[in-house]
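Colleague: If you read the sequences in order, they're chains A and B. For the first sequence, position 114 matches number 114 in my numbering, and the numbering has no gaps at all. For the second sequence, position 33 matches number 33 in my numbering, and the numbering has no gaps at all. C-beta: ideal position from N, C-alpha, C; glycine also. One structure, as structure tokens, below. Some questions next.
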Amino acid sequence: MHQPSPLYRRLLLMAATASALLIALPSSAGSRILGTGAVSAIEGAAGGGLSPWAVLSSTASDNELGATASATQAWVDDYQLSVASASINVHDRLELSMARQTFELTTLGGELEQTIYAAKVRLFGSVLYHPWGIWSAGMMHKRLKDGSVPTALGADDTRGTDAFLSASKLLFNAFLGRNVLVNGTLRNTSANQGGLLGFGGDQGGRAWMAEGSLGVFITPNWIVGTEYRQKPDNLSVAREDDWQSLYSAYFFNKHVSLTGAWLDLGDIAGLPSQQGGYVSLQAAF
Amino acid sequence: MSLLSIASRRIIFTFLLLSTLLMQGCAQHNSGATLSLYERIGGQPAIEAIVENLLYRIAEDEEVVGYFANTNIDLFAESFATQLCDISDGPCRYDGPPMDRAHQTMGITDAHFNRVVAYLDIAMRHEGVSLSARNDLLGRLAPLYEDVMRLR
Ligand code: HEM
């Protein structure tokens, strides 16, 4: 089995050290309520594991700045994904994030790497207080490091940009006295397997995709839920399925969260029904 | 991937969604038939203890306490307790100023608003209020944000 990349290992170590310190030492945090910064999705933006949500990362409020760093690892039957990501939140209005994904083809051999630069703007509202929740729009610019495999599979491009509109709302006391978090995202994308298999192909290009999630805060620190992400199917030689997860995220405090998930990613690059586990550690400041 | 397994994945998701919605209906049905939120919080003694606990937390926050520099704290405590009693379906009627006028030109920031909400939640927890009653009360107060912040 391949070893995670050195960059990833370094970031994991940094995130783990920062988390240990932040659990041990009290330090100042943003003013937003615990958990409202969500976790880091695999593309770097604040969200669930698979999909960006409308909330902005960390707990920074209207006159505060926040930052997050996270390390994520996913294992499915024939692949392994490592993500190192970081974000900043300016005044709970603008979120800028960056993610480096390394996708190891454990069965086929080789690896794919992409970098994602993203920006998300809160258009209006609040996940807690506004009757319509919080609404945000964002862009994700994705660049593959070496596009030879995706190009060989029939992808048109090795760079692409997603645009998305997202809404999130916390429903107080909605399920057995617990608060429920709902999120919906519409994404305009041409990315195959999130971009790891390039952009566009012989079967299609840019299209709107729907993503959604539903989670229950069992306690104020612990949310359990499910997420769904519709995906395009642009490559005839590598059919693509929608993604789905069951997740559990624990917020030790405003600084440290640990997310675990069960993933069902369907077919990837010709290998069928990829399922497996997901772990993500986030430190927020 | 076979059509069957795609269908089964869709079904799992739909099932989770539906069961959540159904159980929500049941939960509301059960709690509605028994105790009011006011009773679940613990009635007037609990509400007064919560307000006092909240005031201590506000007093310790150098930034938030500034808003209360010219406030008669006893009157505020009484008025806020009456509002909590009213909004939780207790035997009170809040007849103080509307929320926009009560907070006008104070310049309350989102950060300070969030901090007060967090203090209220900790205060309730300290006074032994259950998670579901806390969520219920916070859910009733949350929509007041728009009014509290309108004339800020
Ligand atoms: C949903 C949230 C809130 C509710 C339900 C609420 C409720 C109330 C009530 C019932 C009063 C008494 C009005 C009167 O009888 O004159 C009041 C006054 C006051 N509130 Fe709030 N409040 C909220 C949020 C806040 C926040 C976030 C702050 C500051 C950070 C704040 C600062 C004050 C101050 C300083 C007064 C006293 C005004 C005076 O001196 O007349 N409130 N509030």
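Can you list the beta strand (DSSP E) stretches of 3 or more residues lying completely in the segment 122 to 201 of chain A, in chain order?
Modeller: Runs found: 134 to 144, 159 to 175 and 178 to 189.
Colleague: Note down, in chain order, every chain D residue with its Cβ under 7 Å from the Cβ of residue 64/B.
Modeller: Here chain D cannot be found, since the structure's protein chains are A and B.
Colleague: Which word fits residue 132/A, buried or exposed, when buried means at least 16 other C-beta atoms lie within 10 angstroms of its C-beta?
Modeller: The residue in question, residue 132/A, is exposed, as its Cβ has fewer than 16 Cβ neighbours within 10 Å.
Colleague: Residues of chain B with a CB under 7 Å from the CB of residue 128/A: which are they?
Modeller: Within chain B, the residues near residue 128/A are 142.
Colleague: Count the other CB atoms, across all protein chains shown, that sit within 10 Å of the CB of residue 70/B; report buried if there are 16 or more and exposed otherwise.
Modeller: Per the 10 Å Cβ criterion, exposed.
Colleague: Is the distance from the Cβ of residue 108/B to the Cβ of residue 57/B below 8 Å?
Modeller: Result no, Cβ atoms of residue 108/B and residue 57/B do not sit closer than 8 Å.
Colleague: Under 7 Å from any heavy atom of the ligand HEM, does the C-beta of residue 65/B make it?
Modeller: Residue 65/B Cβ: outside cutoff for every heavy atom of the ligand HEM.
Colleague: Where does residue 108/B sit, in a helix, a strand or coil, going by DSSP?
Modeller: Of the three classes helix, strand and coil, the one that applies to residue 108/B here is coil, per DSSP.
Colleague: DSSP three-state call for residue 203/A: helix, strand or coil?
Modeller: Here residue 203/A sits in coil by DSSP.
Colleague: Less than 8 Å between CB atoms is the rule here; does residue 108/B satisfy it with respect to chain A?
Modeller: So no, residue 108/B is outside the interface.
Colleague: Check each candidate in 60/A, 94/A, 214/A and 85/A and name the one with the smallest Cα separation from residue 30/A.
Modeller: If we check each option's Cα against that of residue 30/A, 60/A comes out closest.
Colleague: For residue 102/B, verify whether its CB is less than 7 Å away from any heavy atom of the ligand ATP.
Modeller: Ligands displayed in this structure: the ligand HEM; the ligand ATP is not among them.
Colleague: If you draw a straight line from the alpha carbon of residue 257/A to that of residue 45/A, how long is it in whole angstroms?
Modeller: Rounded to whole angstroms, residue 257/A to residue 45/A spans 15 Å at the Cα level.
Colleague: The segment 114 to 143 of chain B: which residues have C-beta closer than 7 Å to a C-beta of chain A, in chain order?
Modeller: Listed by position along the chain: 114, 115, 117, 118, 131, 132, 135, 136, 138, 139, 142 and 143.
Colleague: Between residue 113/A and the rest of its own chain, which residues show a CB-CB distance below 6 Å, the 5 nearest in sequence each way excluded?
Modeller: Answer for residue 113/A: 102 and 145, listed in chain order.
Colleague: Does the distance between the C-beta of residue 44/B and the nearest non-hydrogen atom of the ligand HEM fall short of 7 Å?
Modeller: False, no ligand heavy atom lies under 7 Å from that Cβ.
Colleague: Hey, how far is the Cα of residue 32/A from the Cα of residue 251/A?
Modeller: Approximately 13 Å between the Cα atoms of the pair.
Colleague: Which term fits residue 202/A, buried or exposed, when burial requires 16 or more other beta carbons within 10 angstroms of its beta carbon?
Modeller: Classification for residue 202/A: exposed.
Colleague: Let's see if you can read the secondary structure: which residues bound the beta strand (DSSP E) around residue 272/A?
Modeller: That run of the beta strand (DSSP E) goes 271 to 284.
Colleague: With a threshold of 7 Å on Cβ separation, who are the neighbours of residue 31/B within its own chain once the five nearest residues in sequence on each side are excluded?
Modeller: In this prediction, residue 31/B scores a pLDDT of 48, lower than 50, which makes its location untrustworthy; no coordinate-derived value is stated.
Colleague: Have a look at residue 104/A and residue 40/A and give me their C-alpha separation to the nearest angstrom.
Modeller: Roughly 20 Å separates the two Cα atoms.
Colleague: Is the CB of residue 111/B under 8 Å away from at least one CB in chain A?
Modeller: Yes, its Cβ sits closer than 8 Å to a Cβ of chain A.
Colleague: Nearest-angstrom Cα distance between residue 127/B and residue 42/B?
Modeller: Taking the straight line from one Cα to the other gives about 9 Å.
Colleague: Taking the straight line between their C-alpha atoms, what separation do you get for residue 264/A and residue 140/B?
Modeller: If you take the alpha carbons of residue 264/A and residue 140/B, they lie about 38 Å apart.
Colleague: Count the other CB atoms within 10 Å of the CB of residue 150/A; is the residue buried (16 or more) or exposed (fewer)?
Modeller: Label assigned to residue 150/A: buried.
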